[in-house]
Amino acid sequence: MRAYGEEYVALSTSKYTGVKSVYKHVEGNRISVHLTVDPVKIADDKYNALLTENEALKTLLATTQPQLSITQDVVDYLLMGGM
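The working numbering puts the sequence shown at residues 251 to 333.
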């Protein structure tokens, strides 16, 4: 079993959250967070990727919809005793 060090976990975490490290100061009740990137930018990038995927699906549905209705017409015709 391969063991991953703290560096791997930190890099994986920062890739998805933008947070590289979190420190709790023992003497004071403070927490420090070190960011590698802006978390809002990560969210914006993911949102834009979802919008792109959504547009691709809309296009696919728009081109497939007429084919589906033609197929349904053929099924209805056959069920009504056509051919």
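By construction, the Cβ of each residue, glycine as well, lies at the ideal position given by its N, Cα and C atoms.
For clarity, every value in this text was computed on a predicted model and none was experimentally measured.
| Check | Outcome |
| --- | --- |
| Rounded separation between Leu307 and Leu329 - CA only | 31 Å |
| Straight-line Cα distance separating Leu311 from Lys296 | 22 Å |
| Alpha-carbon spacing of Gly331 relative to Glu305, whole angstroms | 40 Å |
| For Ile292 and Asp326, the rounded distance between their alpha carbons | 49 Å |
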